[in-house]
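I have placed the structure first, in the form of structure tokens, so that the comments after it can refer back to it.
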Amino acid sequence: MYSFYHSRIKIIEREQMAAEGAESCARLALERVTLPELAGFWIHLDADVLNASIMPAVDSPNEAGITIAELTGLLGILLASPHAAGMHVTILDPARSQRDLRRCFC
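Per the working numbering, the sequence shown starts with residue 64, numbered consecutively.
Next comes the structure, spelled out in structure tokens:
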């Protein structure tokens, strides 16, 4: 089975983000995806990357997930890039939460 760890994909662990900050990690990621030979990049956001206290409506709640402030820091840098072609959000399962989820995306 092919592994991300054996690819050229840059993996930024949770501990690194906590130590260096979300904005710094976003800039590090941009270095990998803003190459002259690439026309742009797409942002794929799994909702379960967020802390379970913020985003309970996922199949695999993440107690060690990132905060809204960290997500905002990441996306603010990435989406401001002229190379950002778009973004989608996945792994969202509203049936798994009794809360009104609109506030999670405001």
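In this text, a Cβ means the ideal position worked out from N, Cα and C, and glycines have one as well.
Reduced DSSP category for residue i - H, G, I as helix; E, B as strand; rest coil
{"i": "glycine 136", "result": "helix"}
{"i": "isoleucine 131", "result": "helix"}
{"i": "aspartate 109", "result": "strand"}
Distance CB(residue i)-CB(residue j) smaller than 8 Å
{"i": "leucine 113", "j": "glycine 128", "result": "yes"}
{"i": "leucine 141", "j": "alanine 92", "result": "yes"}
{"i": "alanine 120", "j": "leucine 98", "result": "no"}
{"i": "phenylalanine 104", "j": "alanine 147", "result": "yes"}
Residue span of the beta strand (DSSP E) that contains residue i, given as start and end
{"i": "alanine 82", "result": "Where alanine 82 is concerned, there is no enclosing beta strand (DSSP E), although the alpha helix (DSSP H) it sits in stretches over 77-83."}
{"i": "methionine 118", "result": "That residue, methionine 118, is in no beta strand (DSSP E); it is neither H nor E in DSSP."}
{"i": "alanine 147", "result": "147-153"}
Close-in-space but distant-in-sequence residues of the same chain around residue i (CB under 6 Å, 5 per side omitted)
{"i": "proline 124", "result": "Ala115"}
{"i": "methionine 150", "result": "Ile106"}
Cβ neighbours of residue i in the same chain (closer than 8 Å, five flanking residues each side left out)
{"i": "glycine 84", "result": "Gly136"}
{"i": "serine 158", "result": "According to the sequence displayed, residue 158 carries alanine and not serine. If we look at alanine 158 and ignore the five residues flanking it on each side, its Cβ neighbours are Ala120."}
Same chain only: Cβ atoms within 7 Å of residue i, ignoring 5 sequence neighbours per side
{"i": "arginine 95", "result": "Lys73"}
Minimum Cβ-Cβ distance from residue i to chain C less than 8 Å
{"i": "isoleucine 106", "result": "Note that chain C does not occur in the displayed structure, where there is just one protein chain."}
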